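Notes for the one structure printed next.
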Amino acid sequence: GVELDPQVLIISFMTLVIMLGSSVISPVLPLLAQEFGVSYAGAGVLVSAFAMGRIPSDFIGGALVDRVSPRLVASSGAALVALSAALSALAPSFSALLWYRLIGGVGSALFTITAMAFLARTVAPQRMGQAMGFYQSMLLLGVSFGPSVGGLAASLAHSLRAPFWVMALLSLAVTLIGFRWIGEFPTTPAGPHTSVSAQTSARAALASLLHDQTFGFVCVLTFLIFAIRSSTQLNLMPLFAQEELGLSESGIGMVQSLCSLANFFVLWHAGRLLDRIGRRRVTLPALWVTALVLLAFPWATTLPRLIGVSVAFGVVLGYLAPAPAAIIADLAPQGAIGTVMGLYRTAGDIGLLFGPAVVGWVAGHLGFGAAFAGAAGCTILVAALGLSMRETLTSRQVTTEVLPAVEVEEASS
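Numbering-wise (this note's numbering), the sequence shown opens with residue 51 and increments by one.
Next comes the structure, spelled out in structure tokens:
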């Protein structure tokens, strides 16, 4: 069975609620943009505004978590999301809505970074894969159920703005839970002298980490995972299903849900596997299989085939997705966990921002086959890069048991 620390459960539950809140508005965003008389591209900008708010805040939030109380950063983040949702519900114009979405992105980044830094800081390395797997499964659950809750709220209240109020209430609940339940970071068990030199040694460890090949690879891998998930599952696959198979919105929604469900069901096993056989042995095979599944998409011209390939895509992403977070947690030096998590999330959010645009452009100009092949090609390149990656699980596990202070040297070696 899986034994998880109560703090992991609380953080994961809060993430579920905040992600539920953030995705509640996804069905109404494009419609609201049209209500303001904006084009499809304008509606796309509305989605990107959230990511634009996140990218600079990832790094700033990470640095904050290392210096300020995690309880304060997480609660402030959730409060900003609540504020952004309430303001969006009352937005008088499209430009105002854009600014409010940007604020939401900042809040979302602050909350997410704190949650991940907290897990990296409090969970033992031998349990990190499981903790990250569970955390991501809760995140996914929130993202998956949000749109249906939002659609329901909009139709019950006969208003496109109703989902924003749902989001505001959910985020407010998380703000209060965070203030009440999030603890402080455990102090590093390396004696009283660390406080003076902690910042300096963390900085030195961070500098050496930036020259670490494995760390560089994980940032590239994170960029790829975010780019491929957003461009394929949320962009290419729906367009392909509509144009090649003539699927309706509800049909597309069903295929997407099956993909997310498959993803959800393997995350637990993926986390346990990461802890049992190591990060490298899970990551590299998952990358090669991802490339194969992407190449199979253009062949999926009937509904059963499309469902099969989409489910396979969900499964293989489920094995791939928790790996980077676990590796980052292995590598991060004690005093700079937030900063390192910030770098990791920045790589992902940049992928989220550019992936759909680039892949969408290729699909529009060169066709679906080229777009899927291009995504597969990028995956193969990253898999080849990954051959130089070292295993990060064992190196830290051995030393942490004996002397936690060795972590910084471990990370920099």
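Glycine included, every Cβ here is placed at the ideal spot set by N, Cα and C. Treat the numbers as computed from the prediction; the structure is a model and nothing was measured.
E294 and T250 have their C-alpha atoms some 57 Å from each other. Along the length of the stretch 402-452, whole beta strand (DSSP E) runs at least 3 residues long do not occur. If you check the CB distance, L226 and A291 do not come in under 8 Å. Following the DSSP letters along the chain, one finds W318 inside the alpha helix (DSSP H) bounded by residues E299 to I327. Short of 7 Å from the beta carbon of A132, and not among the five residues preceding or following it, lie these beta carbons of its own chain, in chain order: A218, S221, L222 and T225. Apart from the 5 residues on each side of it in sequence, T164 sits with its Cβ closer than 6 Å to the Cβ of V115, P120, V123 and A124 in its chain, given in chain order.
Under the 8 Å Cβ criterion, the stretch 342-359 does not count as touching the stretch 137-149, having fewer than three qualifying pairs. In the three-state reduction of the DSSP assignment, G157 falls in the helix class.
Judged by DSSP secondary structure, D380 falls within the alpha helix (DSSP H) whose first and last residues are P372 to L381. Less than 8 Å separates the beta-carbon of F363 from that of T282. Per DSSP, reduced to three states, the secondary structure at V88 is coil, with no helix or strand assignment. Counting along the chain, A203 sits inside the alpha helix (DSSP H) bounded by residues P175 to A207. The stretch 296-315 and the stretch 361-379 touch, with three or more beta-carbon pairs separated by less than 8 Å. Boundaries of the alpha helix (DSSP H) harbouring V268: Q263 to I278, taken from the DSSP string.
Short of 7 Å from the beta carbon of A101, and not among the five residues preceding or following it, lie these beta carbons of its own chain, in chain order: G155, D399, L402 and L403. Annotated as distal: P372 and Y394, with beta-carbon spacing of 8 Å or more. The distance from the Cβ of G328 to that of L443 is about 5 Å, consistent with a contact at the 8 Å cut-off.
S126 places its beta carbon 8 Å or farther from that of L81. By the criterion of at least three beta-carbon pairs nearer than 8 Å, the stretch 186-202 is in contact with the stretch 63-82. Secondary structure at G385: helix, using DSSP grouped into helix, strand and coil.
Residue state for A212 is assigned as helix, using DSSP reduced to three classes.
Counting of Cβ neighbours within 10 angstroms places P197 among the buried residues, the total reaching 16 or more. DSSP places V78 outside both helix and strand once states are collapsed to three, so it counts as coil. Shortest Cα-Cα distance from L59 to any of D325, W215, G228 and L324 involves G228. I232 sits in coil when the DSSP states are folded into three classes, being neither helix nor strand. The alpha carbon of H261 has as its nearest neighbour, out of F422, P406, L381 and A346, the alpha carbon of L381. Within the same chain, Cβ atoms closer than 6 Å to the Cβ of M178 are found at A376 and A379, the five residues on either side in sequence being excluded. The alpha-carbon of T351 is positioned some 11 Å away from that of M287. For S125, the enclosing alpha helix (DSSP H) begins and ends at P120 to A139. Remark: C-beta atoms of S62 and M188 approach each other more closely than 8 Å. Separation of the CB atoms of F109 and W318 is rounded to 30 Å, and the pair is thereby denied contact status at 8 Å. The beta carbon of L435 is closer than 6 Å to those of F267 in its chain, skipping five residues each way along the sequence. Around the beta carbon of L437, fewer than 16 other beta carbons sit within 10 angstroms, so the residue counts as exposed. By alpha-carbon distance to I275, the top candidate from R440, G303, P406 and M439 is P406.
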